[in-house]
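> Please read through the structure below; I'll follow up with questions.
Residue numbers (the working numbering), protein chains in the order written: chain U, 1472 to 1756; chain Z, 85 to 684.
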């Protein structure tokens, strides 16, 4: 029993962490938190189920197309909901524009796909056992993403350009970096990561439109607690959240588990608005 | 001085004679249509209209949170749920003997007010997106608790909604009940919108630092608004339960929450009539196109995106005809310093503002390094120096935005550095900003009136109910603001939306707003930046006259000519330290200053 709590906790925590990383990648490129982060996860799950189960594509093709779908949604987010409001970041219009886009995609999925959870295919044709693929797939996805991003940011020229944009937008532009293209690339990467979360976690969460708001909320918890822009913090906080939620689920039942998670989230934020691992930022007058 | 020569020109009268009447006109039209609805609409439309009234009761209160205070509260359906279940459970007698539905509704209002504060509380600590997410979380949690707490709420099975006694038990009877509540809510929120509290809320939304500099205490004001908004949302919940006649947790969806939120934004921020029309529009829209019902939330979201990207002003901007008339293009700012004596009165409690050994570093950079500064009442004190020498930082230490690591700033024995930001206004310290901080959607007059917020005497509740002290405050603030506008030479623009003005005019509006405090000390942060030579000359004359009336002025400026023309005393900063201090004549001949800065 303890084993299954730990396994499902690690798995669901990895999904939250991946969504958290998607938030972070978008935030680093644009200083914008996007409500579409959870939507990306939902899209990954639904596209996987659509391509593989409904359209009968090979698994690898369905996987790649689902990731591509996420990347496209990421770029669309940048073009439609982020770029037009970047000029007036202090008015927080991005909260509204990304919320609107997230709702549009979510409602479209509810109507055109289904309002009920739909099955998600098994990826590898192997026997079910205690340490099933539905648990280790999200963990592997999370580990690969974290390591991949570290290599991208630290070892490649493109990654250095991303970091430059994240660190100081104006200075980076003054150096001649193509800020707009880099931002679009970041949103494409974030879209891919979000879709990967939904695909890898598809067997746990199924292909369900209501995963969007759920992931938007639970994916933001690791960002808020781990410190914005901090991917390692998001992974640690995401996994702690997953374990805590599954343990509470088992001990006090699903509804009070959500209440417990929410209460802890609010209390931590009220005590440390900058997150457990973050540092306070002064305001400009 | 002869008072007859100091007459203030009134603001230009509006299209319908009085501005109050033209503002009330849309409400009157809506009220007449709503009151006579049974004469020309069938029973089905009665239900729709009742629903619109109920939604508006919630949206009216939420409008103060979202449209005025600018807080992104997406999950307000949580309070609708709380109100609906409180009323239903009390009226049905699930936990204790059944009580009168009206009493149950009133209790729900109180419970909702308390919950409004709980849901709203994080707004004081968290940034925008964080707050939006927490309200969404509350909406989800409340529904789940309702589901789980089956012994009281009936769980997934639900409870019957309250039935109000005759004459409110018939369909049209209940409609009129809801219409009355909606009308009262409209009236109350319009009262707040037109009061110093409403203006303070928009200042918090668009110019938070200016709000604090005007002495507006954000936490207290937001708490009051959350109390009110929570109460109206819960009362809407009670009426909603009665309208539904039976409620289950399924009725309280996030989509419903989004509808309220979007209705307000489509209506336009900082307006009452806009969100009212927005609510009616979103309630009625699906009825015109039955096949679209399933797509309604999708359409609302598309509408929201379109509004945000194409028309951020919403319906209210479409209806704002008077701000589409072109302004005179070659208008001049002609201040009337002679009016200042009447505006500022006699400054009795003259004292000295003293900075002693103030030190502040950012990381390894010493922005201010042991600075002494004494600002005397009735004198203009110039602060000059190259970029990065610590001028604005000094201002921000006095205003409280930076806490120095060493030294103190004192006024009348009070240590300024220990006060909350907004307390400085109570010590009559006013300031302007390098980039003007203005509420663009409010009129020039309203922007100036924000400066006098702390001098109002009426309470929030008195404004809510339009009691006599509310009117007295408004009259007093309007008169002083017109006087301040005349003094800086902008009274002819009083009724114009502030975002239509030129940069130089905004600088003078900020000065007028600061003068509303009748400041003992006035801190001006580069007031001449972007002004023409003639405007700088007029600004200089205005500042001199302000100091002649007893106000101590700290002037941070790059225009050396202006500084030397009007200052009694000049301090030159370099790398956070005093390079030189003395009279303008002394500074002008100070060799180091001439070499380093003036480039003599």
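C-beta: ideal position from N, C-alpha, C; glycine also. Every value quoted in this text rests on a predicted model; they were computed, and no experiment measured them.
#1: Just the chain Z side, please: which residues come within less than 7 Å of residue 1707 of chain U by C-beta, in chain order?
#2: Which chain U residues sit within Cβ distance under 7 Å of residue 385 of chain Z?
#3: Does the beta carbon of residue 213 of chain Z sit closer than 7 Å to a beta carbon anywhere in chain U?
#4: Is any beta-carbon of chain U found at less than 7 Å from that of residue 382 of chain Z?
#5: Is there a C-beta anywhere in chain C that falls below 7 Å from the one on residue 389 of chain Z?
#6: State the start and end residues of the unbroken alpha helix (DSSP H) segment that holds residue 674 of chain Z.
#7: The beta strand (DSSP E) with residue 658 of chain Z in it runs from where to where?
#8: Using 8 Å as the Cβ pair cut-off and three pairs as the minimum, do the region 158 to 165 of chain Z and the region 195 to 203 of chain Z touch?
#9: Judging by CA-CA distance, which residue of Z:609, Z:322, Z:110, Z:601 is the nearest neighbour of residue 427 of chain Z?
#10: Have a look at the DSSP bridge pairing and note the partners of residue 244 of chain Z.
#11: Could you work out which residue in Z:551, Z:223, Z:530, Z:282 is closest to residue 568 of chain Z when comparing CA atoms only?
#12: Quick one: grab the DSSP three-state call for residue 496 of chain Z.
#13: Roughly how far, in whole angstroms, is the beta-carbon of residue 285 of chain Z from the beta-carbon of residue 309 of chain Z, given that I think they are within contact range, below 8 Å?
#14: List, from N- to C-terminal side, the beta strand (DSSP E) runs of 3 residues or more that fit wholly inside the region 210 to 260 of chain Z.
#15: For residue 535 of chain Z, count neighbouring C-beta atoms within 10 Å of its own C-beta (all shown protein chains included) and say buried if the count is 16 or more, exposed if not.
#16: What do you get for residue 441 of chain Z, buried or exposed, if any count of 16 or more other CB atoms within 10 angstroms of its CB means buried?
#17: Could you tell me which chain U residues have their CB closer than 7 Å to the CB of residue 342 of chain Z, listed as they occur along the chain?
#18: Among residues of its own chain, excluding the 5 on either side of residue 1716 of chain U, which ones have a beta-carbon nearer than 6 Å to its beta-carbon?
#19: At which residues does the beta strand (DSSP E) containing residue 636 of chain Z begin and terminate?
#20: Could you tell me the distance, in whole angstroms, from the CA atom of residue 357 of chain Z to the CA atom of residue 123 of chain Z?
#21: Identify the residues that DSSP records as bridge partners of residue 1573 of chain U: which are they?
#22: Let me see if you follow: with CB-CB separation under 7 Å, is residue 1582 of chain U close to chain Z or not?
#23: Spell out the partners DSSP gives residue 1589 of chain U in its beta bridges.
#24: For chain U, find out if any of its Cβ atoms is closer than 7 Å to the Cβ of residue 210 of chain Z; answer yes or no.
#25: Between which two residues does the alpha helix (DSSP H) harbouring residue 606 of chain Z extend?
#26: Identify every residue that forms a DSSP beta bridge with residue 464 of chain Z.
#27: Within the continuous alpha helix (DSSP H) that includes residue 597 of chain Z, where are the two ends?
#28: Taking residue 457 of chain Z as part of the beta strand (DSSP E), name the residues at either end of that continuous run.
#29: Report the residues of the region 1680 to 1698 of chain U with a CB closer than 7 Å to any CB of chain Z, ordered along the chain.
#30: Going by other Cβ atoms of all chains shown within 10 Å of its Cβ, with 16 needed for buried, is residue 1473 of chain U buried or exposed?
#31: Applying the 10 Å Cβ sphere with the 16-neighbour rule, what's the burial state of residue 525 of chain Z?
#32: Using a Cβ distance threshold of 8 Å, determine whether the region 255 to 269 of chain Z contacts the region 502 to 516 of chain Z, with at least three qualifying pairs required.
#33: Going straight from the alpha carbon of residue 1559 of chain U to that of residue 1686 of chain U, what length do you get?
#34: Under 7 Å Cβ to Cβ from residue 460 of chain Z, same chain only, skipping five residues before and after it: list those, please.
#35: Drop a sphere of 10 angstroms on the beta-carbon of residue 1590 of chain U, count the other beta-carbons inside from all chains shown, and report buried for 16 or more, exposed for fewer.
#36: Under 7 Å between C-beta atoms, does residue 1744 of chain U make it to chain Z?
Let me lay it out:
#1: None at all; the shortest Cβ gap to chain Z is about 19 Å.
#2: 1571, 1574, 1575, 1578
#3: yes
#4: At a cut-off of 7 Å, the C-beta of residue 382 of chain Z has a neighbouring C-beta in chain U.
#5: The displayed structure is made up of protein chains U and Z, and chain C is not among them.
#6: No alpha helix (DSSP H) holds residue 674 of chain Z; DSSP gives it neither H nor E.
#7: 653 to 658
#8: Contact holds: three or more Cβ-Cβ distances are below 8 Å.
#9: Z:601
#10: Answer is Z:330.
#11: Z:530
#12: Reduced to three states, the DSSP call for residue 496 of chain Z is coil.
#13: 7 Å
#14: Runs of the beta strand (DSSP E) inside the region 210 to 260 of chain Z: none found.
#15: buried
#16: exposed
#17: 1574
#18: 1728, 1732
#19: Annotation for residue 636 of chain Z: the continuous beta strand (DSSP E) segment containing it runs 636 to 640.
#20: 24 Å
#21: As computed with DSSP, residue 1573 of chain U is found in no beta bridge at all.
#22: yes
#23: Residue 1589 of chain U is bridged to U:1678.
#24: yes
#25: Counting along the chain, residue 606 of chain Z falls outside any alpha helix (DSSP H), though it belongs to the beta strand (DSSP E) covering 605 to 609.
#26: Z:637
#27: 587 to 599
#28: 449 to 459
#29: 1684, 1688, 1691, 1695
#30: Residue 1473 of chain U should be labelled exposed.
#31: Using a 10 angstroms sphere on the CB of residue 525 of chain Z, the tally of other CB atoms reaches 16 or more, which defines it as buried.
#32: no
#33: 27 Å
#34: 436, 636
#35: Its Cβ having fewer than 16 others within 10 Å, residue 1590 of chain U is exposed.
#36: Output row for residue 1744 of chain U: interface = yes.
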